[in-house]
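Novice:
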Amino acid sequence: MIVQQNEQLFIGIDGGGTKCKARLESSNGVLLAEAVTGPANPATDFALAVDSILQACQQVVQQAGYTESALACCHVVMGLAGVNVPRVQSQMQNWSHPFAGLTVTTDLHIACLGAHAGQDGAILITGTGTAAFSKVDNQQFLFSAQGFPLGDRSSGAWFGWQAVCATLDCLDGLTDETELTKTICRTLGVNSNTDLISCCISYKATDYAQLAPLVLRYQQLGDSVALDITSRALDYVQALVQRLLKTAAPRIAMIGGLAPFLADLLPDELQQQLSPVLGPPEVGAVALARQLFAEKTA
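Numbered by our numbering, the letters in the sequence shown go through residues 261 to 558 in order.
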């Protein structure tokens with residue numbers, strides 16, 4: 261199918277370190293197609309990111325029944341991990357893309373737009389990493405998001421890392437072992453501090469995050485180490501929520517694999533400040549694409 265004269269199409273892209281999600285909508289907001297392809301973090305691998313993005317866009321136009329030439333009628337907003345790095349921004353700006361228009365922003369920006377149906381609001385992400393972002397009256401605020409291990413407190417990576425650190429103390433005889441520390445040893449197949457150091461010496465954030473579910477499980481069982489880790493995580497989450505409130509965000513949503521667990525443990529007065537997530541990041545991206553086009557043609 262060929263795009264009709266003056267027909268406008270809109271694509272929202274959510275690109276990260278593991279996958280790229282694309283959403284194609286018509287000019288009146290009808291969902292036409294969705295697709296998921298490979299990694300799309302241009303800071304890590306620019307060529308791979310561009311390839312994943314193009315594949316996702318090609319797939320959605322083809323699924324909607326258009327030929328690939330329809331990309332020339334698509335107005336695209338991409339929310340990508342890593343584009344806050346100046347070098348990456350420059351690469352994306354110089355990319356010879358096939359679209360009618362392209363706007364590149366951060367993955368946090370579109371996640372916030374998606375969570376609040378395109379309106380002002382704030383998000384607190386607690387997944388493998390941690391980040392707090394707010395958009396109010398065309399101003400953007402970013403807190404945390406320093407990356408592991410300097411930042412990302414209260415993230416999955418941080419939970420796992422803290423569990424390993426506590427286990428090292430037990431193996432050194434500095435503290436008493438607990439069910440959590442014993443389980444960490446069994447899970448990793450270690451019996452001494454040198455074994456544990458050798459095992460984790462090359463661990464990355466994603467490796468530590470694999471251990472986070474153990475902390476959550478033993479926190480619910482009253483394990484002292486797990487309770488301590490969770491308590492410190494909650495202190496940081498509370499501080500971030502309070503900081504987001506100071507931006508005058510009308511809504512705050514928690515996102516990420518740890519969000520339900522941590523939100524349930526917050527004080528009632530802070531839980532009451534939280535709002536449900538209204539949509540995924542790619543929905544926020546396509547809404548922004550439509551908004552920018554409307555402003556341009558007004």
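We put the CB at the ideal spot given by N, CA and C, even for glycine. Nothing here was measured: the structure is a model prediction, and the numbers come from that model.
1) Out of 417, 340 and 321, state which residue places its alpha-carbon closest to the alpha-carbon of residue 293.
2) Under 8 angstroms, do residue 268 and residue 335 count as touching if we go by C-beta distance?
3) Any contact between the segment 427-437 and the segment 403-414? By contact I mean 3 or more CB pairs, one from each, below 8 angstroms.
4) Taking 8 angstroms as the threshold, find out whether the segment 384-393 comes into contact with the segment 512-522 through three or more Cβ pairs.
5) Excluding the 5 residues preceding and the 5 following residue 287 in the sequence, name in chain order all residues of the same chain whose CB lies nearer than 6 angstroms to its CB.
6) Mind reading off the beta-carbon distance from residue 483 to residue 440? Whole number of angstroms is fine, and I expect it under 8 angstroms.
7) Among 309, 308 and 331, which has the Cα closest to the Cα of residue 319?
8) State the DSSP-derived secondary structure class of residue 408, mapped to helix, strand or coil.
9) Residue 417 to residue 355, Cα distance in whole Å?
10) Assuming residue 419 and residue 472 form a contact by the criterion Cβ under 8 angstroms, report the distance between their Cβ atoms to the nearest whole angstrom.
11) Would you identify the three-state DSSP class for residue 283, choosing helix, strand or coil?
12) Would DSSP call residue 483 helix, strand or coil?
13) How many Å lie between residue 533 and residue 526 at the Cα?
14) Going by Cα to Cα distance, which pick from 357, 344 and 455 is closest to residue 303?
15) Could you check what DSSP says for residue 506 in three-state terms: helix, strand or coil?
16) From 360, 290 and 422, pick the residue whose C-alpha is nearest to that of residue 266; which is it?
17) Apart from the five residues just before and just after residue 400, which ones in its own chain have a Cβ nearer than 8 angstroms to its Cβ?
18) In or out: residue 449 buried (at least 16 other Cβ within 10 Å) or exposed?
19) According to DSSP, which residues form a beta bridge with residue 335?
20) Counting only runs of 3+ residues fully inside the segment 379-453, write out the beta strand (DSSP E) ranges in chain order.
Specialist: The short version:
1) 321
2) yes
3) no
4) yes
5) 268
6) 5 angstroms
7) 331
8) coil
9) 33 angstroms
10) 4 angstroms
11) strand
12) coil
13) 11 angstroms
14) 344
15) coil
16) 360
17) 369, 393 and 394
18) exposed
19) 270 and 361
20) 381-386, 390-396 and 399-404
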